[in-house]
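Trainee: Sharing a structure here in structure tokens format.
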Amino acid sequence: SSGINAEYGHVVDGTSRIIRSEGIAALFRGVGPNCGRAALMNIGQVAFYDQTKDTLLRLEVIGDNTRGHFVCSFLAGTAATLITQPFDVVKTRVMQGSRYSGVFQCIIATAKEGPKSFYKGFVPAWVRLSPQTILTWIMLEKLRKIFPAT
Numbered sequence: 008s009s010g011i012n013a014e015y016g017h018v019v020d021g022t023s024r025i026i027r028s029e030g031i032a033a034l035f036r037g038v039g040p041n042c043g044r045a046a047l048m049n050i051g052q053v054a055f056y057d058q059t060k061d062t063l064l065r066l067e068v069i070g071d072n073t074r075g076h077f078v079c080s081f082l083a084g085t086a087a088t089l090i091t092q093p094f095d096v097v098k099t100r101v102m103q104g105s106r107y108s109g110v111f112q113c114i115i116a117t118a119k120e121g122p123k124s125f126y127k128g129f130v131p132a133w134v135r136l137s138p139q140t141i142l143t144w145i146m147l148e149k150l151r152k153i154f155p156a157t
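If you read the sequence shown in our numbering, its first letter stands for residue 8, the second for the next number, and so on.
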């Protein structure tokens, strides 16, 4: 499925029809897992980048340069994807509709499929997230050099 519902003429039409047929709560389906995912995404990107950079600089594995920033941001993007992919799977499944009565039922059903099921779609997610993470951190490091903290 492409995720596009041709039954709806436009966003307002779709929103009003969902509210009428499923109630306003249907608009917030998946918010819980999405908030957890967002928190873990920040941990994966920000904390992992800074910790990796500090450690690799201290061990003299990398320099404080674009190549070093690339390595750390690449690792941070990978870590963020590994951490958040199970949340993405659950969030997507819950948001898709009434297949599950709630988040916990979705987690249990997914777990019954095996641990790998929490990582379905990992490669496309990693391919999407890693370049964004790399560009973000390399640009931030450039800005840190241009505008040093006082």
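Cβ coordinates follow ideal geometry from the N, Cα and C atoms, glycine included.
Quick check: the Cα distance between D71 and E29, rounded to an integer number of angstroms?
Mentor: 53 Å
Trainee: Taking C-alpha atoms, which residue in F111, I115, T85 lies nearest to F55?
Mentor: T85
Trainee: Are the stretch 101-121 and the stretch 55-70 in contact at 8 Å, needing three or more beta carbon pairs?
Mentor: Output reads no: the stretch 55-70 does not touch the stretch 101-121.
Trainee: Roughly how many angstroms lie between the CA atoms of A45 and I115, to the nearest whole one?
Mentor: Here the alpha carbon of A45 sits roughly 21 Å from the alpha carbon of I115.
Trainee: According to DSSP, is P155 helix, strand or coil?
Mentor: coil
Trainee: May I have the straight-line CA-CA distance separating L82 from T91, to the nearest angstrom?
Mentor: 14 Å
Trainee: Look up K127 in the DSSP assignment and say whether it is helix, strand or coil.
Mentor: Three-state DSSP puts K127 in coil, outside helix and strand.
Trainee: When burial is assigned at 16 or more other CB atoms within 10 Å of the CB, is V97 buried or exposed?
Mentor: The residue is buried, with at least 16 neighbouring Cβ atoms inside 10 Å.
Trainee: How long is the line joining the alpha carbons of G21 and I69, rounded to whole angstroms?
Mentor: 51 Å
Trainee: Do G121 and D95 have their beta-carbon atoms positioned less than 9 Å apart in this structure?
Mentor: no
Trainee: Helix or strand or just coil, what does DSSP make of S28?
Mentor: helix
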